[in-house]
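Residue numbers (this note's numbering), protein chains in the order written: chain A, 107 to 612; chain B, 107 to 612; chain C, 107 to 612; chain D, 107 to 612.
Below you can see the structure in the form of structure tokens.
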């Protein structure tokens, strides 16, 4: 009964002992079968102490795992606080309250459509929405503020129409292209998305395998659920990966990450420049709201609730002071090409060229950062004519991401001048619903769609695509394409005509 | 039993005695525990005699209180008609008919979300709509005619998209700015809105306290539920207030109000110029309709119902002859800066400069006056380029109000050239639902949003904001952004295809 | 039992005798208590023989009355076929089948809102829709084809926004103006609409009385339910009426009508030029469909159903060959000013000036004729700048009609250059729901709205209105304002994602 | 019991014998009362072997018939595999599982509206949707990807408004025109659509008879359910037909088809150029999904489901290498005028002129091929001004198809410069719901509509139509007219405000 933290090295801890440390005065938690004393860490936890205290004295693995890479505790918690293994048989399995949503979800999982019923990328999203855990779905699917940008990312493609050519021999179609020197089979890459284990217990390595199978590049996220090395270890043969980088306030850490990535073979460094602070995503915040907040006193602004969803919890290290004057340093510490991810206006593309960057991704971070920002495809329509006017179009590679769901979207981007497009959420949804086969089928569907649509616009290969195949006159007519203002609609009482008399009055 | 009006000075009146005076021949009413003889006042009542007669011989406090400042009876009813205190224990408490809406409302109040579940300003509106009394909600939420302008005020912001810059050091963000010489913490002020006690029994002083806490300016409304002095008394330290003024037909009264306000420390005089007559707000009128109208004879136009909601009842004193030639007089009677509230086209902004005004508020009165008027943000997009062309942009401070719900809305207004924005209804809703903590949280949310969004567009301070951060090409494309014509939709029968045969025919 | 048609002059006919003539071999019908032998008339009936045969041997008054002016039988049926009075006590009252719609309608009539609950013109439409007979509602409310023009007529006004001026003394507002030399109290007139008795048993004279009360002009329709003289007889004092004219193939008839109208004091001749053939209104046609069509053989185009609603039945006399070369003749036969009603492009306005016409009504016939025609207000925005460019703006009076529901609509039209607007359906709906008091209130509401809105845009009188008070940049952006394609939507299956497995498969 | 395939020539096969050959080792099927050994053919079947194996040993006639012309087995299966007649009385009639959709459909068929209740072309679609078999409806009604182009085809017409002229004598209306030298009664033709027997057991000959009756041209589809000769045999008198051609990889086959068509009297050769590969139509694919796919292993892309609906199954012969250099060959092998069907930009129209083609059809294949391609009417608005600028407008006949549902649509196309329009689906729906009388009525309705609408725009004959009768300023404003993105909407969770507390918490 009296285990000191020393003898936990040799004897397994009992669940009942851990259970006693269930307050902010002494707070132990179990993760992956080992106990940790996090009492002193509580105030430093980026996600706030409350979320930990919920698991004080208990097994926190299920909630901990997707949002912390496996090496987190080693990195951030002093060894003296690692209390050693727990005899999990002695840990009381908590009777979970019956969550009616969860019961229905498990029913929906049983009735899941089989994979072959998915005919397009939206279908994976439809299935994932039905079978994912509520909080995971909320994290993946949410966007900033009113989610206008998030939705406009896709609908912007529908403001571009095709001008296909006919009677061009399209028997043979070659979808391949080159990205930063790497030959790929189709002009998309798997862009970085955080917390892959929320959707699939294996996490980002599933995407690695899918990318390998279809010969496309995977961009490894800083905020992966898997560790960087796990993801690199999962690659095969000459498979190419890129690194997405949130720049740490401590540049030594950043330098270590970059050098390690280069050593492990990464072929591109994508520095995120649209997220000096990670966005407020209210759907995500609402889904996190639970008993955590229920005893907060109404004392106003000083006690603003800090449980702002996964995004805020995991991103406090990001350096908001990152600026153009840091670019030479990045160029000095790596030979990897440097690409700025999140550029949103032509002035900054030109500046990126001048700064010696090798590429930019025109992106609004999947609509998760600044709402009513413009979509990547729309920015592209602004950028390319100006680059061509200045003769800069070949000095930098332009990518876009956001809202790509159809091969026609890819073709439109390439026609306008992009080297390729990043696709994120759709593969997460495919992975969450169906694992690797889902990712595989999603990629194959894009290839099938693209081969067909290349034929239908009359082009054999990616280099034949150009702006003459598009009618883009209305791409910037936001007024019309603006997605509905859902919140405003829910609070608005429509006008109504005169009410009928109550019959009792007659 | 035989109380003359004289001995009511010393002996409390009995409820049964008051109850006898229940007709238009002798009409007494009880307000805040005192009885008043309003028989002679009936025909003069701005809201019409019927609404008073409903309470003849009864306690009218609940309905009276929110729409009459406390000094009303002293000001407008001769002392001889003040009958003195009533022994309220003797007043029969009226059995109210069970109002099913009210019963449901009280249920909804019990299930109110806690404050921390409100993540944006729309959320307060959503809660207020569920928990406010029906007539109060109708008064606050209604707009003119088809409420197209009221809704367009917010949606106009969605016709402006951002062009954020990247790689600008945004570690430190300063939201502060200066309005008419006063330093404030963020570029919004609490604009004047009428009848605060409809939403909260304390009325406008709640907003005074919230504004103090967040160091923003409150504009005191002429049509407040609290008296002007109560609102000024509620301020603390060097807190700054402005006065919103409806100009009285009797300029002596207006002069007295202005001089008093200046003496009490008001730092700005906002003269409302968009309301020579207060608007018809049909939702409000419908909510007021009750048994008042039910025995009206169908005799046509001569007997038009005068019970047109709170707005008309309280505004009959406003002078519709106010014109540009009155401006010199205002400049002569006060040293406060003079700002015209409700300017709607560039010609009038230029004229305001020429007339020596210190500012204008581009506003359509929250969509409560002229329907299909343009939103403040849209007028701003017309005004600023022309002012700059004429070199007048620094000779006047430009404000806008209407539809501001997000920090991005504030940022867009400031980018276009506004010194700041007025916010009205959202704070009323926050106050109605949650009192001061609601107002506090609403303001804090705007600060949190604005700090983040300043980072995301790449600006450290308000003075860095400019039109280059916006894409405003479609701001004036009304055709597309026009909110749906609700009434027209409710009366339109959609076309339908051929009907099925009745089975009996077979 | 053996009544010859001769002795019916003196002895009343018995119902049982009439009842025997119930086939196309001998077809008698009773109308207003008198019997008629229409056997030989059957093939000539513009509405087809079937609809008469339905009443063969029976009392047809109820269906006959609204769609035939009282002098119809005298004019079109030879005296020898007038069989004389019927003893109505002997006519078997037909047990009507219980029509569930009719039962519900009568319930709705009991619960009708009282008149004072109507706050705008849409409200009358909302009530009328609930309390009118189904076929009457269908006739009034229907438009051509997909009813896009009918709906766009109103929504076009919402593509125009106001630019009100401020600080203009608006204490006194004068709404009066002059139309074709007649002083009127407000710039609208009651435009011609057919078959007033469908909505109210008194018919068009109700509108005459309403117009008198409010000092506006009534345009008398050719296709009135009341006779022309009844409508003229209903006017009082110096009340002014105009005549709307469908030109008959037989010009002698037309001449007689014009001369008679002029003699009876009509002050304007409005020649309808947008209806060489009366429109197909499918809602109306569907509502007429009943057992009439149920035994039609499927033999294809040769036997196309002729029961095409009221419009077609009553309009076969209209001359489709009417052309510009007829205008001099009209000018020669009357001193009344001649106005072309239904002009739809600027070229034809100019031609009307050249032809010596005194005015035009820019109109698409309430959306009842050519679908996807432009609204009057939009045509006006095309017409006036061109007229001014040519210096013709004062040589002709321009009116518009269609979609006017708000005083703001009237103001917009006058700002753009119209002398006034015609209003039709709203008064029909007011009359159908509430009779004369409804018409009275509808007109008073427009006056109340207009007085207020004149104040709000800063104008004292109609002559101050001009295009500078409007922002019309998007009036012609049809693409955006096009009302939804209801029929197409009802036949379209929205795409859907993958279906769930049937649970039986698991 | 031991029938060799030889003696089946004289003795009828028994059902039980056929039933034994029910696997991929020996697979017999019955079609139209005759048995066939398709064991060796299984891997070659364009629709995949699975769909055949479903009927192994059984009667496949019902599913086989609509999607294979009657001469298919003769052409593609060696005579030795024709096993001869089956005694159908001995074939076990399979008890079909009760399909609830089918039961409801049969109920709907009983309650079908009678033909006279159809007042426009949409009505036939509404009825067909209710009474057609699910898979047939899916095949006819589906389009490519998100069906944006399919829906835009019709809504594009609503982005064009009329500018009718008045006072033009329109007593006599002549709808006739000339197409490729043939006089027709109205400017539309019946365009080619595949698989007519899905909707009506008689197939395309029904359309032949309808076209005859109304003196319009029928274009015979390559992928008809009837054989080419059956369709030609069905014509009467001097009736004119055209041939729609999918070009076979084997040009000898194509040449044979062309020569045969010319010999049989076809007067135009319409070469489809927008379908080098037939489109993915997901609704169709989903409707085909059944137990066919249910045991597919999740092994990813290598095993992509091949059951992609009817379109893919029947089109594998089409030559994707067809190009401009083939045109001279076509000109050399036939004297029929050559028209390219599916041209989508002005450059290719000009090239068609240069190549010596006699016409083009501006078409996107009914929205079934490339999604977000532009509608024919919109391409026409691009093409004609450029042709006129180059003086080429008379060197080629321009047709459009897609989305035509109203006579106003036809008039708009002709005003813009088209010789006529092709109409496909509406006649299929009319035929599916009502057979020949349906087709007849549909055509008659178009004539009735067109006669009326010619009057209403003030034109007597087709040659008077011109662009001055249209307002086309917004035809290309896609942003606004883009049909809703149905799939995206189904997967999007609208934002919601704060949730109510569970009452249990109180």
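No residue lacks a Cβ here, since even glycine has one placed at the ideal position from N, Cα and C. Quick caveat: nothing in here was measured; it's all calculated off a predicted structure.
* Asked: For chain B, is any of its Cβ atoms less than 9 Å away from the one on residue 350 of chain C?
  -> no
* **Helix, strand or coil at residue 279 of chain B according to DSSP, with G and I counted as helix** => Coil.
* Under 9 Å between the Cβ atoms of residue 655 of chain C and residue 498 of chain C? -> As shown, chain C starts at 107 and ends at 612. That puts residue 655 of chain C outside it, with no answer to give.
* To do: For residue 162 of chain B, I'd like the list of residues in its chain whose CB is within less than 8 Å of its CB, leaving aside the five on either flank, ordered along the chain.
  => 127, 128, 129, 130, 133, 134 and 135
* Count the other CB atoms within 10 Å of the CB of residue 279 of chain D; is the residue buried (16 or more) or exposed (fewer)? -> buried
* Residue interval of the beta strand (DSSP E) (run including residue 191 of chain D) -> 188-191
* To do: Helix, strand or coil for residue 294 of chain C, going by three-state DSSP, please let me know.
  => In the three-state reduction of the DSSP assignment, residue 294 of chain C falls in the strand class.
* Listed in chain order, which residues of the stretch 551-567 of chain B have Cβ atoms closer than 9 Å to some Cβ of chain A? -> 551, 553, 554, 555, 557, 558, 559, 561, 562, 563 and 564
* Return the chain-ordered list of same chain residues with a C-beta closer than 7 Å to the C-beta of residue 548 of chain C, the five sequence neighbours on each side being excluded. => 227, 230, 532, 533 and 536
* **Nearest-angstrom Cα separation, counted from residue 481 of chain B out to residue 468 of chain B** => About 8 Å.
* Identity of the residue in A/514, A/519, A/526 and A/148 nearest residue 488 of chain A by Cα -> Relative to the Cα of residue 488 of chain A, the nearest Cα in the group A/514, A/519, A/526 and A/148 belongs to A/519.
* In the DSSP assignment, what are the bridge partners of residue 268 of chain C? -> B/479 and C/576
* Burial state of residue 255 of chain A (16 or more Cβ within 10 Å) -> buried
* **Distance CB(residue 457 of chain C)-CB(residue 435 of chain C) smaller than 9 Å** => Taking 9 Å as the Cβ cut-off, residue 457 of chain C and residue 435 of chain C do not qualify as a contacting pair.
* To do: Compare the C-beta of residue 356 of chain B with all C-beta atoms of chain C and state if any pair is closer than 9 Å.
  => no
* Is the CB of residue 406 of chain D under 9 Å away from at least one CB in chain A? -> Note that residue 406 of chain D has pLDDT 32, beneath the 50 cutoff, so the model's placement of it is unreliable and no number is given.
* Quick one: is residue 380 of chain B near chain C, going by C-beta distance under 9 Å? -> Interface residue, yes.
* **Cβ neighbour criterion (16 or more within 10 Å) applied to residue 528 of chain C** => buried
* **Cβ of residue 583 of chain D within 9 Å of any chain A Cβ** => Closer than 9 Å: yes.
* Asked: For a contact meaning CB atoms closer than 8 Å, what does residue 613 of chain D contact in chain A?
  -> The question about residue 613 of chain D has no answer, for chain D in this structure spans 107 to 612.
* Asked: In chain D, which residues lie less than 8 Å from residue 503 of chain A when you measure between Cβ atoms?
  -> Residues of chain D passing the Cβ test: none, with the nearest at roughly 26 Å.
* Cβ-Cβ distance between residue 507 of chain D and residue 530 of chain D below 9 Å -> yes
* Whose C-beta lies closer than 7 Å to the C-beta of residue 321 of chain A among residues of the same chain, with five residues either side of it excluded? -> Excluding positions up to five away in sequence, the list reads 290 and 291.
* **Boundaries (first-last residue) of the alpha helix (DSSP H) holding residue 546 of chain A** => DSSP places residue 546 of chain A inside the alpha helix (DSSP H), whose first and last residues are 531-563.
* Asked: Which residue comes first and which comes last in the beta strand (DSSP E) that contains residue 125 of chain D?
  -> No beta strand (DSSP E) contains residue 125 of chain D, which is instead part of the alpha helix (DSSP H) from 121-126.
* Leaving out five residues before and five after residue 234 of chain D in sequence, what residues of the same chain have Cβ atoms less than 6 Å from its Cβ? -> 535, 538 and 539
* **residue 475 of chain B beta carbon less than 9 Å from that of residue 273 of chain C** => Taking 9 Å as the Cβ cut-off, residue 273 of chain C and residue 475 of chain B do not qualify as a contacting pair.
* Quick one: grab the DSSP three-state call for residue 503 of chain A. => Of the three classes helix, strand and coil, the one that applies to residue 503 of chain A here is strand, per DSSP.
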